[in-house]
Amino acid sequence: MSETVIPYMVKPHPVTGIPNGKFGIWLFLASEVMLFGALFSSYVLIRTGMPHWPPEGGLSSEVLNVPLATLNTAVLITSSITMVLAWASCKMGNLPRFRLWMGATIALAFVFLVVKYFEYSHKFHLGHTPAHDNFYAVYFTMTGLHGLHIVGGIIVNGYLLGPGTKLWAKDPEHFTNRVENAGLYWHFVDLVWIFLFPSLYLL
Amino acid sequence: MDAAQHEDVSKHMGQYYVVFVALLCLTAVTVGVSYLHLARPAAIAVALVIATVKAGLVAAVFMHLISERKVIYAVLIITAVFFAVLLLLPNLTTFEHHSGLPGT
Amino acid sequence: MDEKIYGWWLPPDVSVHGAKIDQLMSVLHWFMALLFIGWGIFFVYCLFRFRARPGHAALYTPVKALATKYIEGFVLVVEVFLLFGLSTPVWLAYKNDVPDPSKALHVRLVAEQFAWNFQYPGKDGKFGKTDASQIGGDNPLGLDPEDPAGKDDLVTVNNLHIPVHRPVIVDISSKDVIHSFNVPVLRVKQDTIPGQQIPVWFEATQPGHFELACAQLCGLGHYRMRGDVLIETPEEFAKWEAENAPPPQEAPAAAAPEEKK
Amino acid sequence: MSVKQHTAATGNGHGHGNQDHGHHELPFWRKYIFSVDHKVIGIQYAVTALVFLFFGFSLMMMMRWQLAYPGQPLPLIGNLLGETAMPGGVMAPEFYNQLGAMHGTIMVFMGVVPLAVGGFGNFVVPLQIGAPDMAFPRLNMASYWVFLPGCIAMVASFFLPGGAAQSGWTSYPPLADIAPTGQTMWLFAMVLIITSSLLGSINFIVTIVQMRAKGLSFWRLPFFVHAQLVTAFLLLLAFPPLEAASVMQIMDRVAGTSFFLPTGLVVSGEPLKVAGGGNPLLWQHLFWFLAHPEVYVLILPAMGIVAEVIANNTRKPLWGYRLLVYSVVSLGFMSFVVWAHHMFMTGMGTTMSTFFQITTMIISIPSVVILTCFIMSLYGGNIRFTTPMLFATAFLPMFAIGGLTGLPLGLTASDIYLHDTFYVIGHFHYVVAPGTLFALFAGVYYWYPKATGRQLNEKLGKVHFWLSFVAINFVFMPMFFQGMAGLSRRLYDPTVYAHGRGVQALNVLISWGAWGLGLAQLFFIVNFFLSLKKGARVAENPWNATTLEWAAPSPPGHGNFITEPVVYREPYEYSVPGKSNDYSPQFRAEG
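Residue numbers (our numbering), protein chains in the order written: chain A, 416 to 618; chain B, 778 to 881; chain C, 31 to 291; chain D, 44 to 634.
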């Protein structure tokens with residue numbers, strides 16, 4: 416049986432100027448934009464249809480934990496720059512430095528999840544479950560789906576840091592492309608949070 | 778990796794750090810503004826403008842959108858149009874539904 | 031009810047606004063038939079004329095078909111006419127021309143799985159307050175027994191009595207799921223959206239006994255969510271209202287459910 | 044069959060690696076089950092989809108008994124399905140609603156789309172653009188293996204307590220929110236099917252943009268590829284909102300949220316214990332944001348197939364090829380801004396309903412243009428009435444009926460009367476059944492030789508066509524009259540209504556038509572299996588066609604082409620004056 420050679424797996428296409436993977440990841444992000452777009456649209460629709468937000472009175476910033484969320488914002492932003500640095504290290508041929516920065520990215524992602532866990536468990540402790548009212552329904556659904564994306568990012572980045580690194584020896588350029596694509600996804604997850612944070616916690 | 782690429786990346790390093798600091802500062806600003814308890818429309822405008830600037834920085838610099846290929850711009854423009862449709866039309870329809878009819 | 035009025039095409043129209051809908055419907059179907067037949071003749075001609083046979087070959091150069099441009103232009107013009115000339119005015123009137131509330135009969139409709147509850151305001155012209163927590167077996171609308179405005183309210187199930195030649199405004203809502211208030215002979219349809227109250231209005235032109243159907247899947251009893259629409263002369267309607275009005279001392283919950291089933 | 048990556052120096056060209064053909068055989072399960080070969084995956088999709096099409100159709104044939112003979116015990120199978128579904132052999136209303144909801148869901152999401160996109164898209168697109176495989180073969184495999192569990196979950200939901208989803212394929216809340224467990228399964232299955240479609244659409248776009256053979260510019264692409272590209276964009280951008288909506292409905296059902304539940308609901312006399320504050324119309328917006336583009340996902344690949352078959356069998360270039368492409372692209376764009384015409388009766392304001400009414404009229408123009416181009420393509424041809432051509436020609440009038448009857452539904456005033464009646468059922472079935480499905484049959488007859496190396500029997504094919512064509516019109520044409528009579532859709536027993544009794548005779552006619560249509564499909568099934576063994580063997584190009592897939596062997600080996608194809612000309616160069624053959628393939632330097 417032959418091995419099928421897929422063109423432009425690594426090298427950019429002469430006309431479009433990008434390899435397949437990068438194009439693919441951008442298309443995936445486009446669909447993610449529509450996924451979160453639908454949730455934001457629903458959020459606006461439900462919120463404008465209610466007399467008070469949160470329904471039981473007060474302000475979002477009083478009901479939710481702004482300091483923790485601010486910390487988490489800083490954590491995600493930092494993990495974005497470490498992700499960029501991990502990719503840049505690959506680009507400059509420095510695998511040990513890549514390991515360092517990628518490790519930092521994953522660690523920060525875990526920090527984010529741990530903080531999120533404390534936020535969630537506090538809410539549950541108070542009986543503020545998603546069923547409590549639509550404020551919490553929106554809060555848990557949107558941050559939960561975003562949290563799942565963080566988990567997905569940890570898995571992808573973990574693969575690149577662990578078994579995936581083997582590709583470096585065979586084809587460093589291909590490996591660098593993969594890191595770049597994982598990075599694009601990771602920055603997108605950061606970007607979603609940048610919108611989630613003010614719209615859920617501050618407004 | 779050839780030397781040109783090497784140089785290319787290291788040239789950008791400074792930019793990355795600047796953006797990183799800017800993002801942290803903007804986060805601080807948006808949280809700070811929220812404690813001022815501005816009027817609703819102003820608060821929404823400020824928060825969304827800051828978020829958009831932050832998102833723009835991440836997309837432009839970290840995701841290299843500032844110097845990306847045409848085909849990706851094309852995909853993103855199409856997506857942006859339909860994203861706007863998705864955000865606007867259901868809400869406009871609902872808004873008119875609630876406000877435009879007698880007896881509702 | 032006269033079964034013979036229902037055939038394979040539009041049932042009789044007994045509403046004031048329905049004539050324009052019927053007119054649009056007939057213009058549309060003539061237009062569709064004209065296009066389809068004209069185009070079908072050309073289609074069959076092509077299939078026959080250009081069938082493969084010995085000595086026949088295909089034409090490589092595309093024919094210049096100015097006619098297609100004209101036909102497409104014609105379709106476009108007709109569509110614009112249908113849209114702005116026929117459909118939109120009818121729709122705007124249907125949605126925006128609220129009848130004079132002082133002359134119109136006001137009815138509330140609360141749909142549920144699988145029945146239509148109508149509330150008439152009675153002599154005072156005011157609907158009694160309703161409250162979901164009051165809903166019970168003999169109080170399908172949850173009328174508040176304390177509210178004086180509700181004392182003379184008349185409640186019917188699956189029976190909509192309306193007078194002929196008088197505008198009727200129905201405020202439509204639902205208790206549970208989405209239903210759709212559909213009276214084919216009145217050319218009226220409106221989804222009942224829980225949590226919202228949406229008005230529709232119409233004016234009947236002739237008395238008779240007709241049907242109200244649910245048009246939106248609402249569960250296993252969707253098919254039997256049928257109601258009667260009884261269009262009556264003003265005298266008959268007044269008589270019915272008087273006969274069925276709740277006795278002054280009793281709570282409105284005891285309002286007579288309809289006897290005609 | 045590992046997917047070898049291009050390494051540094053050789054990366055810039057098309058490498059079609061057939062050099063070491065036949066070195067080592069893969070084990071059966073890698074070759075036919077967990078295969079990464081686009082052709083195997085395409086066939087897997089197509090066969091799965093055909094099975095589900097027949098299954099979904101069988102559900103409808105059962106419903107047709109209840110509609111024709113309400114309340115009478117179903118012969119033969121009435122007693123087999125158990126007392127809950129069929130008490131005393133008579134269909135229960137709950138079961139009728141389950142069959143209805145599952146018929147719609149299965150036909151659309153597990154039948155037509157997987158066949159048109161997963162099946163034909165996967166099998167034909169890489170061949171037509173001269174690529175060795177899809178851009179991401181393993182993603183392609185993943186797409187199928189996410190799709191299949193979704194389908195199995197969907198069908199398995201019949202066995203849950205309370206049965207399968209029964210709130211229509213549209214699953215409108217609050218009804219769907221309070222429905223039995225089958226609805227949760229429906230939502231999970233939909234999330235899987237949506238995910239599979241997203242993976243597939245990414246793959247299609249990258250493949251078509253990045254992997255075209257040398258010389259194959261966009262204006263040389265077969266029309267089918269253009270149609271698939273637009274379809275992929277529709278799937279990519281329209282499906283995620285439904286995924287979000289499904290997540291919210293799952294939350295409503297499982298976590299007790301109230302996204303779609305307003306305050307103060309009272310179900311069966313008991314107040315519903317939820318927080319409330321939601322909006323049931325939100326679901327409808329998100330659902331139709333997908334489901335209207337979905338209509339074009341159903342129809343565009345079908346138009347692509349029809350274009351291929353018509354060009355091949357009229358032996359002349361398509362009339363208005365560029366016009367067709369522009370029309371398809373504008374259809375794709377417009378399909379995102381028309382969805383609320385499904386919601387005219389929900390109490391929309393006049394500004395927005397007028398907006399959606401206008402966009403709906405605008406979108407009809409490209410459809411008229413496409414139909415005109417197809418008809419003009421017949422003019423001046425040398426038409427061979429092969430079986431695929433019969434199905435493709437029948438597509439035209441059937442699609443015309445489906446399209447024209449969309450007019451009264453798109454105009455708000457006539458929609459007041461026709462909304463949610465059988466007229467709607469007739470309308471969209473004319474588009475999807477004798478429209479899209481006939482086109483898909485045309486595709487099966489047209490590309491079967493490429494996939495198997497053997498031809499389907501023409502005689503059986505023609506019998507299949509004529510019986511189907513007659514029967515299907517008996518099924519759907521009477522529905523317009525029922526709709527004009529005002530009969531609501533989704534009624535378990537239409538004879539409850541006087542206006543339903545007026546058109547009950549038509550229900551009997553429709554049902555017999557449907558069962559006849561079912562019988563007609565036996566000719567196809569027999570033909571399909573018989574020809575696998577007994578069909579006439581064919582060479583690369585049995586139809587004397589011009590596009591690239593006919594340059595590959597039948598069936599193509601792994602990696603598709605023996606030599607790397609190069610494209611020299613436009614896709615439909617038939618009957619070029621001065622040439623000895625009446626076809627000049629894209630892949631031959633000398634036509």
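Cβ coordinates follow ideal geometry from the N, Cα and C atoms, glycine included. Computed from a predicted model, the values in this text were never measured in an experiment.
Residue i at chain B interface by Cβ criterion, 9 Å
| i | result |
| --- | --- |
| G556 (chain D) | no |
| G578 (chain D) | no |
| Q48 (chain D) | With a pLDDT of only 41 at Q48 (chain D), under 50, the local geometry of the prediction cannot be trusted, and no value is derived from it. |
| I492 (chain A) | yes |
| V499 (chain A) | yes |
| W516 (chain A) | no |
| G65 (chain D) | Low per-residue confidence applies at G65 (chain D): pLDDT is 45, beneath 50, and the placement is therefore not dependable enough to give any value. |
Euclidean distance between Cα positions of residue i and residue j
| i | j | result |
| --- | --- | --- |
| H537 (chain A) | G321 (chain D) | 25 Å |
| T606 (chain D) | P599 (chain D) | 12 Å |
| Y458 (chain A) | L304 (chain D) | 14 Å |
| V128 (chain C) | L135 (chain C) | 12 Å |
| V569 (chain D) | I468 (chain D) | 30 Å |
| W72 (chain D) | G161 (chain D) | 20 Å |
| I565 (chain A) | A522 (chain A) | 12 Å |
| V478 (chain A) | S301 (chain D) | 19 Å |
| V110 (chain C) | L116 (chain C) | 9 Å |
| L113 (chain C) | I401 (chain D) | 7 Å |
| Y535 (chain D) | G193 (chain D) | 28 Å |
| G258 (chain D) | A632 (chain D) | 11 Å |
| P265 (chain D) | I413 (chain D) | 15 Å |
| L842 (chain B) | L474 (chain A) | 36 Å |
| F261 (chain D) | V79 (chain D) | 27 Å |
| L575 (chain D) | G173 (chain D) | 26 Å |
| F566 (chain D) | N550 (chain D) | 25 Å |
C-beta neighbour in chain D for residue i, strict 9 Å
| i | result |
| --- | --- |
| K125 (chain C) | yes |
| N147 (chain C) | no |
| T263 (chain C) | no |
| A584 (chain A) | no |
| E595 (chain A) | no |
Short CB-CB distance (under 9 Å) between residue i and chain C
| i | result |
| --- | --- |
| I353 (chain D) | no |
| L447 (chain D) | yes |
Interface flag, residue i vs chain A, CB-CB below 9 Å
| i | result |
| --- | --- |
| D220 (chain D) | no |
| V852 (chain B) | yes |
Nearest-angstrom beta carbon gap, residue j and residue i [assumed within contact, 8 Å]
| i | j | result |
| --- | --- | --- |
| L591 (chain D) | Q171 (chain D) | 5 Å |
| A546 (chain A) | A298 (chain D) | 6 Å |
| P284 (chain D) | A453 (chain A) | 4 Å |
Checklist entry - Can you list, in chain order, the residues of the region 278 to 295 of chain D whose Cβ is nearer than 7 Å to any Cβ on chain A? => result L279, L280, P283, P284, E286, A287, A288, V290, M291, M294
Checklist entry - Pairing CB atoms from the region 433 to 453 of chain A with CB atoms from the region 840 to 855 of chain B, are three or more of them under 8 Å? => result yes
Checklist entry - Relative to chain B, which residues along the region 325 to 339 of chain D have a C-beta separation below 8 Å, given in chain order? => result L325, H328, L329, F332
Next on the checklist: Under 8 Å, CB to CB, which of the residues in the region 599 to 615 of chain A have a partner in chain B?
Outcome noted: L599, H602, F603, D605, L606, I609, F610, F612, P613, S614
Next on the checklist: Does the region 604 to 614 of chain A come into contact with the region 827 to 844 of chain B, if we say contact requires no fewer than three beta-carbon pairs (one atom in each stretch) closer than 8 Å?
Outcome noted: yes
Checklist entry - When you check each C-beta in the region 395 to 407 of chain D against every C-beta of chain C, which residues fall closer than 8 Å? => result S396, T397, Q400, I401, M404, S407
Checklist entry - Listed in chain order, which residues of the region 420 to 431 of chain A have Cβ atoms closer than 7 Å to some Cβ of chain B? => result T431
Next on the checklist: With a threshold of 8 Å, are at least 3 pairs of Cβ atoms found where one atom belongs to the region 201 to 214 of chain C and the other to the region 306 to 314 of chain D?
Outcome noted: yes
Checklist entry - Can you list, in chain order, the residues of the region 362 to 390 of chain D whose Cβ is nearer than 9 Å to any Cβ on chain B? => result F376, F379, V380, W382, A383, M386, T389, G390
Next on the checklist: I'd like to know if the region 207 to 227 of chain C and the region 136 to 145 of chain C are in contact, where contact means that at least 3 CB-CB pairs between them fall below 8 Å.
Outcome noted: yes
Checklist entry - If contact means a Cβ-Cβ distance below 8 Å, which residues of the region 250 to 277 of chain D contact chain B? => result V252, F276
Item to check | Residues, ordered as in the chain, of the region 176 to 188 of chain C that lie near chain D by beta-carbon distance below 9 Å | outcome: none
Checklist entry - Which residues, in order along the region 538 to 554 of chain D, keep a beta-carbon less than 9 Å from a beta-carbon of chain A? => result none
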